[in-house]
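Numbering (this note's numbering), first residue to last: 1 to 410.
Where is the CB? At the ideal position from N, CA and C, for every residue including glycine.
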């Protein structure tokens, strides 16, 4: 029964197709007799067909763009959900660029150095091929950013969105290359500890040099990234130490001379078995002995006067430094006795004579006065004051008065 129905259906379908073909042929018969109307209809059909194809193509592109945007939004929401669920942070938003350990759970300890080393230790190291791949993606991302920066209207087009994706991929590759080489910074920073900067500060300055190395790395040279980055990291650390490690800042070029002198001095100490002399250092460094002494003076670290001394720290370094301006007790007592003896000698003179001598030599306020100034005080001429001074000095030179004061001249 089923096969017979199928056969009947096929027969009916064939009949309809044949009938429609007959009708179509019968309709086309008049068109053969009139050629111009047929050509116009054919051209109209072709134009309508092209317009329909163009509309369908534009609709397909719009549907494709909407699908890409929906997929990107979905990935972003999944990444945010991972961050919120983990309670920590994600190194890279792209799955392909993510290091071996992607999520770090928050759990800080009392030791910030230990926390930092634990975090950077979760990122797997890279081999040479991976470094080249990341460098190529970084280069492509930088070029895409350059293209987008030149034409802002391009962002709204499909090509612009593709460039934006390439630029984002380049930034993710840059982050991956940075995170995989943070341990290199730590290993280099350890060599500069104990020179005036904290270990974490050295790491931070070295990380700035690492970022510079990532931006300048040329993978086409054939060198490993760690070989190239070491120079930039060391430069960043040494420059930071020259600017920040000393209480009194020394120019960078002078710091380099100080470090060179220290290296040569250590080497000669090992070779000679004793401290080298300034002349020997000058010959080795092609300097004058005076210049060597000057550089050594610049290289000395200042010491605080409040530095504690002793096992208990009950005394300070400043307690051992002599105060050059302090008055010696013996000298203070001697000066006090001299003043008393001088006043006792002046008491043997008249009031005017004692006043003239005191003002002339500044015995009262430490400021000697001229003859004119003293004359105005007493209302006499400067010549009269000179005569009084001469007469008074003759009295003071008498042994009965001068002998008491001569003992203080020694």
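Candidates the options: closest to residue i by CA position
i           : options               : result
residue 169 : 143, 149 and 180      : 143
residue 113 : 207, 189 and 200      : 200
residue 189 : 164, 210 and 342      : 210
residue 450 : 307, 236 and 337      : No answer is possible for residue 450: the residues shown for the chain start at 1 and end at 410.
residue 382 : 272, 372, 388 and 130 : 372
residue 247 : 348, 376, 238 and 301 : 301
residue 284 : 264, 272, 344 and 388 : 264
residue 140 : 172, 118 and 125      : 172
residue 363 : 398, 187 and 338      : 338
residue 138 : 184, 217 and 187      : 217
residue 234 : 271, 157, 212 and 309 : 212
residue 403 : 378, 345, 368 and 238 : 345
residue 229 : 187, 258, 255 and 252 : 187
residue 253 : 222, 231 and 295      : 295
residue 348 : 118, 128, 276 and 398 : 398
residue 297 : 268, 250 and 328      : 250
residue 175 : 150, 128, 202 and 120 : 120
residue 378 : 118, 351 and 326      : 351
residue 341 : 314, 401 and 367      : 401
residue 291 : 258, 329, 367 and 124 : 258
residue 122 : 128, 183, 111 and 281 : 183
residue 129 : 365, 329 and 222      : 222
residue 256 : 238, 335, 333 and 272 : 238
residue 126 : 111, 116 and 179      : 179
Residue i - containing alpha helix (DSSP H), residue span
i           : result
residue 206 : 199 to 216
residue 322 : Premise fails: residue 322 is in no alpha helix (DSSP H) and is neither H nor E.
residue 278 : 278 to 285
residue 125 : From DSSP, residue 125 is part of no alpha helix (DSSP H); its letter is neither H nor E.
residue 226 : 225 to 244
residue 162 : 158 to 180
residue 118 : 112 to 120
residue 265 : 252 to 272
residue 385 : 382 to 396
residue 359 : 351 to 361
residue 373 : 371 to 378
residue 346 : 329 to 346
residue 155 : Careful: residue 155 lies outside any alpha helix (DSSP H) and carries neither H nor E.
residue 291 : 289 to 298
residue 403 : 399 to 406
Sheet register partners of residue i (DSSP bridge)
i           : result
residue 308 : 316
Close beta carbons around residue i, own chain, < 7 angstroms, minus the five adjacent residues each side
i           : result
residue 374 : 356, 359, 360 and 385
residue 411 : With the chain represented from 1 up to 410, any question about residue 411 goes unanswered, as that position is not in the structure.
residue 303 : 317
residue 245 : 195, 196 and 197
residue 293 : 278
residue 353 : 388 and 392
residue 380 : none
residue 369 : 359 and 360
residue 243 : 249
Residue i CB to nearest heavy atom of the ligand ADP below 6 angstroms
i           : result
residue 380 : Annotation note on the ligand ADP: not contained in the displayed structure, which lists no ligands.
Residues near residue i in its chain [Cβ-Cβ closer than 6 angstroms; skip 5 each side]
i           : result
residue 177 : 134 and 214
residue 145 : 167
residue 39  : Note on residue 39: pLDDT 42, under 50, position unreliable in the model; no value is reported.
residue 408 : 338
residue 395 : none
residue 53  : Residue placement at residue 53 is poorly supported in this model, since its pLDDT is 49, which falls under 50; the coordinates still yield a value, given next. Excluding positions up to five away in sequence, the list is empty.
Close beta carbons around residue i, own chain, < 8 angstroms, minus the five adjacent residues each side
i           : result
residue 262 : 299
residue 208 : 236
residue 148 : 154, 155, 160, 163, 164 and 167
residue 204 : none
Expected contact under 8 angstroms - CB spacing of residue i and residue j to nearest Å
i           : j           : result
residue 181 : residue 226 : 7 angstroms
residue 136 : residue 224 : That pair is no contact at about 15 angstroms.
residue 309 : residue 321 : Not quite, the Cβ-Cβ distance comes to about 12 angstroms (not below 8 angstroms), so this is no contact.
residue 268 : residue 276 : 4 angstroms
Cutoff 7 angstroms: residue i Cβ touching any chain D Cβ
i           : result
residue 230 : No chain D appears in this structure, which consists of one protein chain only.
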